[in-house]
Every structure is written in C-alpha cells, then in structure tokens.
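A.B. asks: Residue numbers for the sequence shown follow the numbering used here, beginning at 132 and rising by one.
The C-beta atom is built at its ideal place from N, Cα and C for all residues, glycine as well.
Have a look at this one.
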Amino acid sequence: MKNSILFACLCWVVSVFVTTSVDAGKLHKVKVTAARNSVLILYTQGPKAAGIFKKHGIDLEIDMRPFKGHMAGLPAGEVPCTTYAGTAAIARINKGLDWVIVGGGLTVMQEVFVLKDSPFKTITDLKGKKFASWSTGAGAFKAMRATVLDGYGMDVLKDTEFVQAAPPALLKMLDRGQVDSMFNISSLTIAAAAQPDKYRSVFAPNDYWKKKTGQAILWSAPLVCWRKWVDADKARATAFVKAWTEGYRWLSKPENLRKTVKKWGKLAAVKNDAQRKVYEDWLSKNKMLIIDWDKETRDKQWDFLHMAKKHGILKKIPSKEKYGLILK
C-alpha cells in the first residue's frame, strides 16, 4: 500500500514538472521597448508581473529606454512590435516601412495647460502667445495640432510664438512666465492635472474628437508591428495582441494600478499620490487608453487620419484594410 502511494506521488511530481517544462517551452519570447517616465512603463510592467502575457503564451521582455531610444528601436528592427507614436508610424509606412497597426494603446491624453490665474480661457486666446511643446514630431503633438486646426482654424506652429524645450523645462518655464502655455509628455501632463490649484487646461484633443466621433484619439501610441513578424506566425501575433488588450483592461482597474505604481511608479515618473489618483481617474474613464482594436475603432481612427491629411499634417493615408490589421 505504501509503495502504491509513493509511486502515485512520484508520478504526480513528475507530471507537474514535465507539464511545466512543456508549457514553458511553448512561450514565445517577444521583446518590446517602453519609454521611461511615461505610462508605457505601467501598461507593460504591471500586466507582465500579473502573468497576463504568460497566460497568452508570451514571454515578454521589456527594454526600458529614454524616449528617443524607445522611438529608435522599432525602425531599427531591434524589436518586432511596440506601442509607437501613431502619426509617426503612419509617416514611416508612407515612406515604405512595412508596419501594421494591430492594437489599441495610449490616446492623446495630453492637454494644453496654462497657469490657473492666467487670462487665457480658450485655445484661441493663445494666438500670438508663447506656446510651448517638447516636440513637433510626436504623435500626440501632431494630433493636437490637427484638432486645433480642424476646430478653430488655428495652427499652433504658425499662429503662436512657438517654443520647443525639454519636457521638464516646460513646467519650469510656464511657472516662471517664460511661456504662456505648454503641451507636455504624458507623465508631466499628469503632474499638471494633479495640481488644479496651479494649472488649468484650455484644450484637450481627446475631448474634441470624442464630441465628433464618440471616441478618443489613438494616435499617441497604438500597438505597431513589423508585418513580416505578424505573417511569420499569425497565432503568435494574435496571442500577443490579446495579451496586450487584456493588460490594458487589467491596468484600468484601480486596485491593479495601485499595485503597479507601488512597484514601477518611480520609473514611470509617478511622484505622489495626487498623480496616482489622476491616473486612476483617467484610466477608469477610458481617457488614457483605447483598449479594443476592432473595425469600429479602426474606422474612427482612420477618419482622424483623413482629417489630419486635410489640414496638411499628413501627406497621404495608407489603406486601413492593408495597414490596420484586426487579428482574432
């Protein structure tokens, strides 16, 4: 009897280890980049630590880099996929890179901020004033520029005294009165929104597009892949997108965000509880992420691209059927 029990136990132990080994062998290793000091750290590291990617058969490697390094990784072929500046991705596709949009991601959650006590009430009040941004090529900036042109006929590059400076410097310049407004990276947008006694928003691109289409603007950082990587193994690519989508949904729950910020907040530039609460509020209201990439979402986002082309922000628009893949 004892021998039978011992044999059964040994069989169970062996089966567990064999199953674990086989399951581990089935994982597809995929490397992505994520920009430091941004929400990209939160929506990659949090879901990875929660086991979401492994659940879908993906062994995710996250290469955390400064923003420029993050932007350089995908074009250089150092990674097969990542969430990438959307309008920049479209521009590269137009130049011949065989990339495809395969999933949702970071919306244009950045807003144009002024000092709370400033006389500026609307975006048009900034005509002829010092308008500052960290970039003119980032997806979020191009999207903001397009929506201001579309809604108000105002070009923030031509109709203001435009100033470009590093992200941390923008806040200081606004505080000192060296500029009249700022449009900043995601983490510093959160920093401003977390101080309503000091800063005030005069324009939110997402709000403008939601009123027109019912959906925010995805083109800050959708999920972008090399087509050859997708074509090499459609099942792997589909599992990867499903994991990413579940990860967005997971992070949008306050309890999961809190856990993620506790561990990764410093690298994401979440500096205090007030900032964490802004993230929590905006994520729960679907203000930061477009989670599901489906035909309706693709159509609305391509409508945005056509609007941007009309205003000269984009030169041409690639086929949504060819370059906006829906993997299921």
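(1) When you compare only the Cα positions, how much space is there between S152 and V361?
(2) So, helix, strand or coil for L280, using DSSP?
(3) With a threshold of 16 other CB atoms inside 10 Å of the CB of S450, please say whether the residue is buried or exposed.
(4) Name the DSSP beta bridge partners of E192, please?
(5) Quick check on DSSP: helix, strand or coil for R223?
(6) Could you check whether the segment 267 to 281 touches the segment 426 to 444, counting it as contact only if at least three pairs of C-beta atoms, one from each stretch, sit closer than 8 Å?
(7) Tell me, please, which residues DSSP counts as bridged to V231.
(8) Roughly how many angstroms lie between the CA atoms of V145 and R223, to the nearest whole one?
(9) From the DSSP output, in three-state form, read off E292 for me.
(10) If you compare alpha carbons, which of F244, R167, E386, W395 is closest to A308?
(11) Rounded to whole angstroms, what's the CA-CA distance from I232 to V355? Just pull it up for me.
(12) Count the other C-beta atoms from every protein chain shown that fall within 10 angstroms of the C-beta of M240, then say buried if there are 16 or more, exposed otherwise.
(13) Comparing the CB of T369 with every heavy atom of the ligand ZN, is any distance shorter than 8 Å?
(14) Let me check one thing: in DSSP terms, what residues is S312 bridge-paired to?
(15) Distance, Cα to Cα, S249 vs D306?
(16) What residue range is occupied by the uninterrupted beta strand (DSSP E) comprising T213?
(17) Is it a yes or a no for the segment 163 to 176 touching the segment 396 to 416, going by three-plus beta-carbon pairs under 8 Å?
(18) Would you list the residues sitting across from R331 in a DSSP beta bridge?
C.D. replies: Answer, in terms of the structure:
(1) Here the question's residue 152 lines up with position 21 in the sequence shown. Here the question's residue 361 lines up with position 230 in the sequence shown. Note on S152: pLDDT 32, under 50, position unreliable in the model; the coordinate value appears next. Whole-angstrom Cα-Cα distance: 26 Å.
(2) To locate residue 280, count along the sequence shown from 1; it is residue 149. DSSP places L280 in the helix class (H, G or I) of the three-state scheme.
(3) Taking the sequence shown and counting its residues from 1, one reaches residue 450 at position 319. Exposed is the call here.
(4) Here residue 192 is taken as the residue at index 61 of the sequence shown, counted from 1. According to DSSP, which records beta bridges pairwise, E192 is partnered with K162.
(5) Your numbering for residue 223 matches position 92 in the sequence shown. Correct three-state label for R223: helix.
(6) The answer is yes - the segment 426 to 444 touches the segment 267 to 281, with three or more Cβ pairs under 8 Å.
(7) Walking along the sequence shown from the start, residue 231 turns up at place 100. V231 pairs with C356.
(8) Position 14 of the sequence shown holds residue 145. Position 92 of the sequence shown holds residue 223. Confidence in V145 is poor, its pLDDT being 36 and thus under 50, which makes the residue's placement too unreliable to answer from.
(9) Taking the sequence shown and counting its residues from 1, the one referred to as residue 292 is at position 161. In the three-state reduction of the DSSP assignment, E292 falls in the strand class, which pools E and B.
(10) Position 177 of the sequence shown, counted from the first residue, corresponds to residue 308. Reading off the sequence, residue 308 comes out as Gly, not Ala. Ranking F244, R167, E386, W395 by Cα distance to G308 puts F244 first.
(11) Stepping through the sequence shown from its first residue, residue 232 is reached at position 101. Stepping through the sequence shown from its first residue, residue 355 is reached at position 224. One alpha carbon belongs to I232, the other to V355, and they sit about 5 Å apart.
(12) Counting from 1 along the sequence shown, the entry for residue 240 is found at position 109. By the neighbour-count rule (16 or more Cβ atoms within 10 Å), M240 is buried.
(13) Inclusion of the ligand ZN in the displayed structure is not the case, the ligand content being empty and no account of it being possible.
(14) By 1-based counting over the sequence shown, the position of residue 312 is 181. BP columns for S312 point to F262.
(15) Taking the first residue of the sequence shown as position 1, residue 249 is located at position 118. Taking the first residue of the sequence shown as position 1, residue 306 is located at position 175. Looking at the two C-alpha atoms, the distance is approximately 11 Å.
(16) Taking the sequence shown and counting its residues from 1, one reaches residue 213 at position 82. Start and end: 212 to 214.
(17) Contact holds: three or more Cβ-Cβ distances are below 8 Å.
(18) Along the sequence shown, one-based indexing puts residue 331 at 200. The beta-bridge partner set that DSSP reports for R331 consists of V245.
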